[in-house]
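Numbering (the numbering used here), first residue to last: 366 to 635. Built from N, CA and C at the ideal position, the CB exists for glycine as well. Here's the structure, in structure tokens; my notes come after.
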Amino acid sequence: MLSLGRISAQDEISIYSNDDQIKLSAVAEIGFLGVLDHKIQFGQNGTYLNYVKEGGQNTLFPVTRLSLELEFKKKNTFVFLYQPLTIKTTALLSEDLIVDNLTYPAGSGVDFLYNFPFYRLSYMRELLSDNEKYSFGIGGTIQIRNATISFESTDGERFRTNTDIGIVPALKIRGRSNFTDRFYGEIEADGIYAPVSYLNGSTNEIVGAILDASVRAGYKIENHVNTFLNVRYLGGGAVGTSSDDSGPGDGYTRNWLHFITVSTGFVYEF
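Set out below in structure tokens:
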């Protein structure tokens, strides 16, 4: 359902109305991603593949994040976020790999594609709008995943791919503490754990979860420029059988991931 550094940069453009009621921000972030744990299975008789040990996900990967934020009257914040997430690896199999009834024999090479970008629209209500030192917002998120997961033998003889578009609602919180007039810290999280049928009304008996949680330390260089260090946990997954699967497998999927990203960057206000 998710549908978990290299250096990161965040650019923010702020536009205020004359009465200071509206603030518009454009945000860009770039960093690196490490895979703590990632396992996947397609088909009831399929291999429960450990991507880190068997699929080449034991290195660091670049990651970027883009978003727009609209703040209204200091109490309402709307966020539109796009998170590209593509991991391509090649590995030599130490044992047979079965994906949707297709066997990739031990000793053969496989190109793995895990492409799981998502879009996210969020709303938060600020609970401490009159507090100069602390802020805390709570609200909800709608996430749209656009997944493509592929397995191709390096000789081109064997191929399996699974694609999926899905909508997942989640809860969202964000907090900030201004330690001094220059140093500040932030926390942010989007997450939920629930049956898919309960979330979107489908008949699929699938249980899934997402959690995107980050901690940030920032420093205000001057009125319009901040710098920061950000650490993020990105995790989740799903397990169950989809009734919409057209084959060649039986529709069973088990996919759980735990990623971490580290980034550093800047905030610009104009």
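Contact annotation, Phe-483 with Gln-508: C-beta distance approximately 5 Å; criterion of less than 8 Å satisfied. Under the three-state reduction of DSSP, Lys-453 is assigned to strand. If you draw a straight line from the Cα of Ser-494 to the Cα of Val-400, it comes to about 37 Å.
Of the residues Arg-619, Tyr-584, Gly-612 and Val-444, the one whose Cα lies closest to the Cα of Thr-545 is Tyr-584. Nearest in C-alpha terms to Leu-398, of all of Ser-607, Phe-631 and Val-596, is Val-596.
Boundaries of the alpha helix (DSSP H) around Lys-418: 416-419. Judged by DSSP in its simplified three-state form, Leu-492 adopts coil rather than helix or strand.
Pairing Thr-513 with Ala-535, the inter-Cα distance amounts to about 22 Å. Between Leu-576 and Gly-602, the gap from beta carbon to beta carbon reaches 7 Å or more. Counting the other CB atoms within 10 Å of its CB gives Lys-404 a total of 16 or more, which places it among the buried residues.
For the pair of segments examined, the segment 451-458 was found not to touch the segment 520-536: the number of CB pairs separated by less than 8 Å stays below three.
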